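4 protein chains.
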Amino acid sequence: MPKQKKQLSTDHQALVDKGVVNAPDSAKGRLLQAAATLFKEKGYERTTVRDLGKAVGIQSGSLFHHYPNKEAILRAVMEETIILNTELMKAALAQTNKPEDKILALIRCELESVLGETGAAMTVLVYEWRSLKEESQLEILKLRDIYENLWIGTLIEAKEAGSVVIDPAVLRRLLTGALSWTVNWYRKEGDLTVEQLAQMALSLAIKPN
Amino acid sequence: MPKQKKQLSTDHQALVDKGVVNAPDSAKGRLLQAAATLFKEKGYERTTVRDLGKAVGIQSGSLFHHYPNKEAILRAVMEETIILNTELMKAALAQTNKPEDKILALIRCELESVLGETGAAMTVLVYEWRSLKEESQLEILKLRDIYENLWIGTLIEAKEAGSVVIDPAVLRRLLTGALSWTVNWYRKEGDLTVEQLAQMALSLAIKPN
Amino acid sequence: MPKQKKQLSTDHQALVDKGVVNAPDSAKGRLLQAAATLFKEKGYERTTVRDLGKAVGIQSGSLFHHYPNKEAILRAVMEETIILNTELMKAALAQTNKPEDKILALIRCELESVLGETGAAMTVLVYEWRSLKEESQLEILKLRDIYENLWIGTLIEAKEAGSVVIDPAVLRRLLTGALSWTVNWYRKEGDLTVEQLAQMALSLAIKPN
Amino acid sequence: MPKQKKQLSTDHQALVDKGVVNAPDSAKGRLLQAAATLFKEKGYERTTVRDLGKAVGIQSGSLFHHYPNKEAILRAVMEETIILNTELMKAALAQTNKPEDKILALIRCELESVLGETGAAMTVLVYEWRSLKEESQLEILKLRDIYENLWIGTLIEAKEAGSVVIDPAVLRRLLTGALSWTVNWYRKEGDLTVEQLAQMALSLAIKPN
DNA sequence: CATGAATGAGCATTCATTCAT
DNA sequence: GATGAATGAATGCTCATTCAT
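Going line by line, the protein sequences match chains F, S, R and L.
If you count the first sequence from 1, position 88 lands on 88 in my numbering, and the numbers rise without skipping.
If you count the second sequence from 1, position 32 lands on 1032 in my numbering, and the numbers rise without skipping.
If you count the third sequence from 1, position 188 lands on 2188 in my numbering, and the numbers rise without skipping.
If you count the fourth sequence from 1, position 142 lands on 3142 in my numbering, and the numbers rise without skipping.
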């Protein structure tokens, strides 16, 4: 398959090259994409391994050559999306300077991750948490912490600069809820652009100077 | 049973008396409470009717004397909590006048519903939506609309009064996410009181005059 | 309930008076009638005690004040209908003399029992035999033998008189099948009267002199 | 498996080769045979899928790899037996000429189907009709019509030839009952051969010339 | 006698997982 | 790697029967 259907972002391609995440057009990559979509739509429990097999064109039994069990597929979906979005966020932060710009970049990134390509996987991350066994939860939590530290660091900077007034930890949590919930109501076809939405979210988070 | 274990709020008791919701110490009421807790902790799919039976001290088969099937239990959990919280919110609104006070009252109510007694049921309402069959979803949606109209009406008032600057519909949705997400991080035992949290949420929502 | 909806035949009333069968308008009688109808329509296994209760306007639990278990109801349906039809047949035989007339009387009686008032019960007798426990089967078999002896005796007479040519035992069995099967195709509303049908059946059974 | 346990008739084997019916020694074939036997002995409702599984040496859950549900097994039992017996009857008719011989051939075939290898399945066809859902009933009815038309056509011929005197439709129905009922009393071990029985049945049906 | 809540064993069906081919 | 038949434990639900009221 020499031709790629869709051009990956430079950062995404770099992660594929490093072997950190699966190429979206590889067998595993397509499985994870299909799993994310099905898990989002029907829920993890209601999605059968037969559903997963059918979605990628193999028998359900063959899935177990790629992943040892169904839960491992859920975990991989979550891991890959956190890793990818952490990297995308790092790249976005690297191109900004002022605290307010940084916060806007983070909001944009998070909205993009929730409402764009990785949206299904991000939704799964939020809604199917309980379906992971504890051990897997701890593993994901480590990755989540790296991601969250990018946020917290930025908000603390902004607090020191005076553009954030409330406790950064609380603010981050309120924003987490506000932004992740968009998956339940935001429609790309509507009047509101993601950029406008990002600006609105920013206006809640900071006190204009 | 002349003594009640726990004193219900006046509004709650009134709903029980009207037969709108089940008394929390009745057989059905205890079932719904247990169901909410289990559904929140393990998820609807992973909660078996045997789990439910055990939680209220009856055989699983006996559940079907009270509800025709498992989904009906989920639906009842959702319906009762919406109805109850709508009434509590109406009562709270009735005691305020200024738009800002009204918004604070709504935030308080919603936080209380998410973090207090009905917290488990509210979480179920958010996380188990997909497990309802479409027919039930429509039924709950009607109740949800009544609830949401209390919010939207108040935010529109506030916009006209100048204390809200962004589109009320978008603001409500951002707040919905921010407030419902608190269930995932807020701990009553911590330093932050619900009242403080409500104030912080209010500070995001409105522009101080 | 001083007025009877339907006048019973003299023979039927006599059996009621003797306490051999239940009066059709008594509580037990109505239950048996309803049971026969339901067992015929849905089958014994698919008929629940709740169905039976609803059909006579009581709770399913109350049935067990009248009969010790569901199977006893089935057995009573069968017993009463055999006893009743045996008596009706005896009465019919008593009014005939010639072997051919006797056979016609028996055919008429059997068709009437299958296609008339007791039709549901007779069908149950044929189709739900396996649902009886062995002990009950033996009990019914005794009653069945009395009934069958009326037939066999008459056919032997006819054989001796020359109007029947094949073995009476085999003939009776072929007739049993032919007549009981009518429940599956004969319609009172159609062109064929029961009397015509009886004549046709007779024409198969005997060799005209 | 180069050796067959039992030699199939040429006609039966031809149907297996065409894929119309399952080979009796295939997995599905053995299941259907076992199902017919159990359904006949205990009734469809009283036969559990565990019974069926045990009878063919697999777990009950594995049945659902072959048939989507229990009712489909019942339906397959009925369908296969009608198809098979229709073909056997066609073959028998093809070897006869005179109306009386044809009727005897039909009677022989039907007795053989009821009392021979497919006897259990034929009994199920008669006794478990109500356990099919309406849709399946209609499907079987189509097959039944093909079978019945062989009978009716032959009886009409015979009526025209003068050897049948009563209405062919009524005669067929009386014969259906008489012949299918044999399953309830005829024993191969007894004195009466199937051939003798067939001759007796023929003597009822026709008026000797 | 009647009620109706509760029982508890049993049912058909589902489904992640295994494994011989 | 892939297949697909088989497993076996678990699931939601049914239902005849019991029994305190």
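Ideal Cβ positions, reconstructed from N, Cα and C, are used throughout, including at glycine.
No experiment lies behind these values; they were computed from the predicted model shown.
Take residue i and list the residues in its own chain whose beta-carbon comes closer than 7 Å to its own, dropping the five residues that flank it on each side.
i               : result
K3207 (chain L) : S3163 and V3165
T1118 (chain S) : T1081, L1084 and N1085
V1021 (chain S) : L1015, E1080, I1083 and L1084
E2134 (chain R) : none
K3 (chain F)    : Note that K3 (chain F) scores a pLDDT of 47, beneath 50, so its modelled location is shaky and nothing firm can be said.
Taking Cβ positions only, does residue i come closer than 9 Å to chain R?
i               : result
R3173 (chain L) : yes
E3041 (chain L) : yes
L3192 (chain L) : yes
M3200 (chain L) : yes
G3177 (chain L) : yes
A3205 (chain L) : yes
Let me make sure I understand the geometry here. Which of the options has the alpha-carbon closest to that of residue i?
i               : options                               : result
G2116 (chain R) : R:T2081, R:I2103, R:T2010 and R:Q2137 : R:T2081
S180 (chain F)  : F:V114, F:S131 and F:E195             : F:V114
G1029 (chain S) : S:Y1044, S:M1078, S:T1048 and S:K1042 : S:M1078
R1130 (chain S) : F:E100, F:N22, F:L15 and F:K40        : F:K40
A3262 (chain L) : L:A3178, L:K3018, L:T3048 and L:I3073 : Shown here, chain L extends from 3001 to 3209; a query on residue 3262 (chain L) therefore has no answer.
Q2199 (chain R) : R:W2151, R:C2109 and R:R2075          : R:C2109
L3143 (chain L) : L:N3022, L:E3087 and L:L3031          : L:E3087
R187 (chain F)  : F:E148, F:E112, F:T176 and F:I103     : F:E112
Y2044 (chain R) : R:L2132, R:L2008, R:S2062 and R:K2090 : R:L2132
I2107 (chain R) : R:L2093, R:N2097 and R:A2120          : R:L2093
A2201 (chain R) : R:I2103, R:M2122 and R:D2011          : R:I2103
K1042 (chain S) : S:Q1137, S:T1123, S:E1134 and S:T1176 : S:T1123
S136 (chain F)  : F:K98, F:E71, F:S203 and F:A91        : F:E71
G2190 (chain R) : L:N3184, L:V3194, L:D3011 and L:V3170 : L:V3170
H1012 (chain S) : S:T1176, S:M1089 and S:N1069          : S:M1089
L3175 (chain L) : R:A2161, R:N2184 and R:D2167          : R:N2184
A2205 (chain R) : R:I2058, R:A2178, R:E2195 and R:I2140 : R:A2178
Using beta carbons (cut-off 9 Å, strictly below), is residue i in contact with chain L?
i               : result
K2070 (chain R) : no
V2170 (chain R) : yes
K2018 (chain R) : no
E2157 (chain R) : no
R2075 (chain R) : no
L2197 (chain R) : yes
Taking 8 Å as the limit between beta carbons, can you name the residues of its chain near residue i, skipping five residues before and five after?
i               : result
A3034 (chain L) : L3052, A3055 and V3056
R1172 (chain S) : E1148, W1151, I1152 and L1155
T2182 (chain R) : L2111, V2114, L2115 and L2197
Can you find a C-beta in chain F that's less than 9 Å from the C-beta of residue i?
i               : result
D1145 (chain S) : no
T1048 (chain S) : no
N1149 (chain S) : no
P1002 (chain S) : Model confidence at P1002 (chain S) stands at a pLDDT of 41, short of 50, so the residue's coordinates are unreliable; what they give is reported in the following sentence. Not closer than 9 Å to any Cβ of chain F, the Cβ of P1002 (chain S) fails to qualify, so no.
D1167 (chain S) : yes
T1182 (chain S) : yes
S1131 (chain S) : yes
E1045 (chain S) : yes
Consider the Cβ of residue i: report whether some Cβ of chain S lies at a distance smaller than 9 Å.
i              : result
S163 (chain F) : no
L111 (chain F) : no
I127 (chain F) : For clarity, residue 127 (chain F) is Tyr in the given sequence; the question names Ile instead. So, interface residue.
Excluding sequence positions up to five away, which residues of its chain have a Cβ less than 6 Å from the Cβ of residue i?
i               : result
V2126 (chain R) : S2180
L31 (chain F)   : V56
S60 (chain F)   : V49, R50 and G53
A1036 (chain S) : V1077, A1120, A1121 and V1124
V1157 (chain S) : One detail in the question is off: residue 1157 (chain S) reads as Glu in this sequence, not Val. P1099.
T3047 (chain L) : L3038 and F3039
Taking 8 Å as the cut-off, is the beta-carbon of residue i closer than that to any non-hydrogen atom of the ligand FMN?
i              : result
A205 (chain F) : Judged by which ligands are present, the structure shown has none, so any question about the ligand FMN falls away.
* To do: Tell me the start and end of each unbroken alpha helix (DSSP H) in the stretch 2046–2102 of chain R that is at least 4 residues and wholly inside, in chain order.
  => 2049–2056 and 2070–2094
* Quick one: complete alpha helix (DSSP H) runs, 4+ long, within the stretch 2109–2145 of chain R? -> 2119–2127
* To do: Kindly provide the ranges of any alpha helix (DSSP H) runs that are 4 or more residues long and lie completely inside the stretch 2142–2183 of chain R, ordered along the chain.
  => 2168–2181
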